[in-house]
Amino acid sequence: MENSNLPIFPAFFFPNIEYLINLSKFDKVMIEAFETYPKQSFRNRTYIQSANGKISINVPIIKEKTLRQTSSEVKISYNDNWNTKSFRAICSAYGKSPFFEYYEEDIKAFFYNKYEKLLDLNLDILSYFQKRFQINTKIYLTKEYLKPSDELDFRNKFNVNSTTINSLCTPNFKPYIQCFSDKLGFIENLSSLDLLFNLGKESIDYINNSILNEH
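Each residue of the sequence shown is one higher than the one before, counting from 1 in my numbering.
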């Protein structure tokens with residue numbers, strides 16, 4: 001099978017809802033493994049809702065002397081115990097959510113299994129959410145870097161520094177009850193964690209029923 005014609009997605013750390021909705025629309029996709037690892041992206045960052053608003057959870061990476069690393073080469077640094085601090089932040093943010101206790105141990109494992117490679121962590125996270133949200137898209141890894149081609153290239157369509165949505169198809173984010181909705185209102189397109197802890201199995205319908213506005 002010629003996989004080079006498939007949609008290409010990056011591998012994200014606890015991908016946001018927009019990512020999963022777009023992914024779910026395809027039967028098969030490729031995950032980029034050989035791009036030059038870009039700084040300031042969702043590959044090592046996700047956003048959750050805290051009592052004080054939207055905050056980021058970041059995975060520190062080991063900075064190698066080599067100027068250019070591929071995404072498959074990037075290693076995670078555990079020097080500052082980021083995993084413990086990050087999981088505590090998640091517990092603080094979602095401890096009172098309806099489904100936190102049900103999924104807590106599953107999510108905890110991603111922080112305490114101490115993955116060496118960021119890509120391996122992200123792929124396992126993606127696989128987990130595919131199962132939980134019943135996203136049956138088949139995943140293939142690229143075997144080499146593929147040059148940007150057409151509208152099916154999602155690698156640079158999710159911009160971490162932008163306040164607007166930049167994917168090829170923008171979902172209509174239907175509001176749901178979040179932990180701090182009364183105080184903060186609805187914050188759209190957060191981490192997949194937000195959907196999981198607040199909606200549980202209802203996340204499946206949320207993903208499936210989301211309407212995409214094609215650009």
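The beta-carbon is built from N, C-alpha and C at its ideal position, and this holds for glycine as well.
For Tyr37, no pairing in a beta bridge is given by DSSP. Taking C-alpha positions only, Ser24 is separated from Pro175 by approximately 19 angstroms.
Under a 10 Å Cβ-count criterion, Leu67 is classified as exposed, with fewer than 16 other Cβ atoms of the shown protein chains found around its own Cβ.
Listed as beta-bridge partners of Phe9 by DSSP are Ile31. For Ser97, the closest alpha carbon among the candidates Phe173, Ser71, Ile62 and Leu193 is that of Leu193. When the beta-carbon positions are compared, Thr70 and Thr36 come within less than 8 angstroms of each other. Pairwise C-beta distances place the stretch 177-191 in contact with the stretch 43-52, as three or more of them are shorter than 8 angstroms. Note that the C-beta distance between Arg43 and Leu118 is below 8 angstroms. Here Phe111 is not near Phe133, since their CB atoms are 8 angstroms or more apart.
Sequence-distant Cβ neighbours of Asp106 in its own chain, meaning closer than 8 angstroms and more than five residues away, are Tyr128. Taking the Cα positions, Ile76 is about 15 angstroms away from Thr46. For Ile125 against Phe13, the beta-carbon gap comes to about 7 angstroms, under 8 angstroms, which counts as contact. Relative to the Cα of Phe197, the nearest Cα in the group Asn209, Phe34, Ile177 and Pro38 belongs to Ile177.
Under the three-state reduction of DSSP, Asn122 is assigned to helix. DSSP, read as helix, strand or coil, puts Asn79 in coil. For Lys183, the enclosing alpha helix (DSSP H) stretches over residues Ser181 to Leu184. Between the alpha carbons of Leu190 and Ile57 lies a gap of roughly 11 angstroms.
By the criterion of a C-beta distance shorter than 6 angstroms, Trp82 is surrounded in its chain by Pro60, once the five residues flanking it on both sides are discounted.
From the listed residues Lys157, Met30, Leu195 and Cys179, the smallest Cα separation to Ser41 is found for Lys157. Distances from the alpha-carbon of Tyr94 to those of Leu121, Glu144, Ile21 and Ile55 put Ile55 closest.
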